[in-house]
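In our numbering, the protein residues as written are 1 to 354.
We put the CB at the ideal spot given by N, CA and C, even for glycine.
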Amino acid sequence: MNKLKVESLARKNIQKLKPYQAKEISCKIKLDANESPFAVKISDFISEINIPLNRYPDPEAIVLRKALSKKIKLSYENIMLGNGSDELIYYLILTFGGPVLYPVPTFAMYGIIAQSVGVEAIECKLDKDFDIDDEKFLKLVKLKKPRLIFLSSPNNPTGNTFSTDKILKIIEFAQKNSSIVVIDEAYQPFSSEKGFLPFLKDYENLLILRTLSKIGFAGLRLGYLIGKKEFLHEINKVRLPYNIDSITQYVATEALNKFYPQIKKFISEIIKERQRVYKRLLKIKKLKVYPSEANFILLKLKNSKEVYKKLLKAGILVRDLSSMIDNALRVTIGTKEENEEFLKALETILEEKG
Ligand code: PMP
Numbered sequence: 001m002n003k004l005k006v007e008s009l010a011r012k013n014i015q016k017l018k019p020y021q022a023k024e025i026s027c028k029i030k031l032d033a034n035e036s037p038f039a040v041k042i043s044d045f046i047s048e049i050n051i052p053l054n055r056y057p058d059p060e061a062i063v064l065r066k067a068l069s070k071k072i073k074l075s076y077e078n079i080m081l082g083n084g085s086d087e088l089i090y091y092l093i094l095t096f097g098g099p100v101l102y103p104v105p106t107f108a109m110y111g112i113i114a115q116s117v118g119v120e121a122i123e124c125k126l127d128k129d130f131d132i133d134d135e136k137f138l139k140l141v142k143l144k145k146p147r148l149i150f151l152s153s154p155n156n157p158t159g160n161t162f163s164t165d166k167i168l169k170i171i172e173f174a175q176k177n178s179s180i181v182v183i184d185e186a187y188q189p190f191s192s193e194k195g196f197l198p199f200l201k202d203y204e205n206l207l208i209l210r211t212l213s214k215i216g217f218a219g220l221r222l223g224y225l226i227g228k229k230e231f232l233h234e235i236n237k238v239r240l241p242y243n244i245d246s247i248t249q250y251v252a253t254e255a256l257n258k259f260y261p262q263i264k265k266f267i268s269e270i271i272k273e274r275q276r277v278y279k280r281l282l283k284i285k286k287l288k289v290y291p292s293e294a295n296f297i298l299l300k301l302k303n304s305k306e307v308y309k310k311l312l313k314a315g316i317l318v319r320d321l322s323s324m325i326d327n328a329l330r331v332t333i334g335t336k337e338e339n340e341e342f343l344k345a346l347e348t349i350l351e352e353k354g
């Protein structure tokens, strides 16, 4: 019998693809995935769940969309939900196609999804301060006429927001070239800047992507896309039926309606801790520390791989970014106690190295 070569049965662009790096590595302190360190439990805001599991969920998730719409002060008809914002990135590219343009380094899924859908992915290197090189970027918009532009601001993994003026310039120029701009605001809740919701009314080609993952609910898988109904109408054609399950719809609605003040408190604590950790890291001589508007901090240091391994040996898991940025690590802000353990372990490791 012939041995079946399964890999060769996959479409050509899938054969070349590397899956998103999401490994489970056992550790005592998990600071690798930009999750919230505060363990939110369903019982913190729901006493009993009575959801008929024999029935399909509401396909339009109206109640949850209305709960979200109250928070952003726009109609629920301007909101579309996804199983995480990842799913919405997938739907966007599936609906509008490519080329897809984004600055790098950034969130890996824009490129992975473009490649898996089979459209051209165009990368534009950020400048030395990790801001957008707007001249180069606008040239690419003109030359390549991308159908979609993704801008993660604050950006993952660099932590900075891009300059608002540059983003607005890109949106305006993109509009003239019929390119859609998606601002990915996964980390917006941690930023001191206002974000782009106030600009939605000014631009026809602007969409905003958000998620509950970074503010305490990564396990629920809920992302949302905000924009004009006409866009959502097109994307809705590729959305899988019932993509948001009944439990997520119910729990997320209750969380937004009953637990929001606590969510906001957790966010403030993370911001406070980020500032404290940043100042402490600045005191360590062998590090380059980047300022952050997100719930993580980017570090550059010599022998990052060795330091990564030593941290893991001490029970602390951070993200090794060396495949993306030379000698870089990304550390998520944890609880005060977790951050202390991380800081002490890092200080010890770097002192040892002499
Ligand atoms: N956008 C950015 C910039 C991210 O960093 C992430 C998660 N790492 C996501 C989107 C995806 O988030 P989720 O699918 O959990 O909503």
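Contacting residues, own chain, Cβ-Cβ under 8 Å from residue i (five flanking each side not counted)
| i | result |
| --- | --- |
| leucine 138 | Lys169, Ile170 and Phe173 |
| isoleucine 112 | Leu17, Lys18, Pro19 and Tyr20 |
| glutamate 293 | Pro154, Gly159, Asn160, Thr161, Tyr187, Phe190, Ser191, Ser192 and Glu193 |
| arginine 55 | Ser246 |
| leucine 140 | Leu101, Ile122, Cys124 and Pro146 |
| isoleucine 297 | Gly159, Arg274, Val277, Tyr278, Leu281, Val289, Tyr290, Arg330, Val331 and Ile333 |
| alanine 67 | Ala252, Thr253, Leu256 and Asn257 |
Three-way DSSP call (helix, strand, coil) for residue i in this model
| i | result |
| --- | --- |
| methionine 80 | strand |
| alanine 345 | helix |
| aspartate 320 | strand |
| leucine 101 | strand |
| isoleucine 112 | helix |
| serine 304 | helix |
| tyrosine 91 | helix |
| glutamate 269 | helix |
| isoleucine 226 | strand |
| glutamate 337 | helix |
| leucine 209 | strand |
| leucine 53 | coil |
| isoleucine 122 | strand |
| valine 63 | helix |
| isoleucine 297 | strand |
| leucine 149 | Sequence inspection shows isoleucine at residue 149; the leucine mentioned does not correspond to that position. Residue state, collapsed to three classes: strand. |
| lysine 30 | strand |
| aspartate 184 | strand |
Buried versus exposed call for residue i [16 or more other C-beta atoms within 10 Å across all chains shown]
| i | result |
| --- | --- |
| glutamine 15 | exposed |
| leucine 92 | buried |
| glutamate 230 | exposed |
| serine 304 | buried |
| serine 43 | exposed |
| alanine 328 | buried |
| glycine 219 | exposed |
| leucine 317 | buried |
| leucine 143 | exposed |
| glutamine 115 | buried |
| serine 152 | buried |
| glutamate 165 | One detail in the question is off: residue 165 reads as aspartate in this sequence, not glutamate. By the 10 Å Cβ count, aspartate 165 comes out exposed. |
| arginine 11 | exposed |
Closest residue to residue i among the options (Cα-Cα distance)
| i | options | result |
| --- | --- | --- |
| proline 59 | Tyr242, Arg280 and Lys128 | Tyr242 |
| proline 189 | Lys201, Thr161, Leu350 and Ala121 | Thr161 |
| lysine 258 | Lys71, Asn2 and Thr164 | Lys71 |
| lysine 128 | Leu329, Ile325 and Leu88 | Ile325 |
| valine 251 | Gln275, Ile51, Asn34 and Ser116 | Ile51 |
| leucine 311 | Thr335, Glu234 and Ser26 | Ser26 |
| asparagine 339 | Asn13, Glu7 and Ile29 | Ile29 |
| glutamate 347 | Asp131, Glu234 and Lys285 | Lys285 |
| valine 119 | Glu87, Gly97, Thr335 and Phe196 | Gly97 |
| leucine 207 | Ile215, Ser179 and Lys66 | Ser179 |
| glutamate 352 | Val307, Glu341 and Lys336 | Val307 |
| proline 99 | Phe150, Glu87, Glu135 and Ala61 | Phe150 |
| phenylalanine 199 | Phe217, Lys300, Lys214 and Ile226 | Ile226 |
| phenylalanine 130 | Pro105, Glu234, Phe38 and Val6 | Pro105 |
| serine 69 | His233, Val181, Ile349 and Tyr224 | Tyr224 |
| lysine 309 | Lys283, Ile349, Lys300 and Ile270 | Ile349 |
| leucine 299 | Met80, Leu343, Leu74 and Glu48 | Leu343 |
| valine 117 | Asn13, Glu135 and Arg210 | Asn13 |
Close-in-space but distant-in-sequence residues of the same chain around residue i (CB under 7 Å, 5 per side omitted)
| i | result |
| --- | --- |
| proline 57 | Tyr242, Ile244, Asp245, Ser246 and Gln249 |
| isoleucine 46 | Val251 and Glu254 |
| arginine 221 | Asn83, Gly84 and Thr248 |
| glutamine 175 | Tyr203, Glu204 and Asn205 |
| glutamate 77 | Lys229 |
| alanine 314 | Ala345 |
| leucine 212 | Leu220, Leu222 and Ala252 |
| serine 322 | Ser304, Lys305 and Ala328 |
| lysine 336 | Glu273 |
| glycine 216 | Ser36, Phe38, Val40, Ile263 and Phe266 |
| glycine 195 | Glu185 and Gln188 |
| arginine 239 | Tyr91 |
Beta carbon proximity, residue i to chain B, threshold 8 Å
| i | result |
| --- | --- |
| glutamate 234 | Reference to chain B is not applicable here, since this structure consists of a single protein chain. |
Close beta carbons around residue i, own chain, < 6 Å, minus the five adjacent residues each side
| i | result |
| --- | --- |
| leucine 64 | Gln249, Ala252 and Thr253 |
| arginine 319 | Asp32 and Arg330 |
| asparagine 156 | Phe107 |
| isoleucine 89 | Met109 and Ile113 |
| isoleucine 132 | Pro103, Phe162 and Lys166 |
Beta-carbon distances below 5 Å to any heavy atom of the ligand PMP define the shell here; list its residues in chain order, please. In chain order, the residues with a C-beta atom nearer than 5 Å to some heavy atom of the ligand PMP are Gly84, Ser85, Asp86, Phe107, Ser152, Asn156, Asp184, Ala186, Thr211, Ser213 and Gly223.
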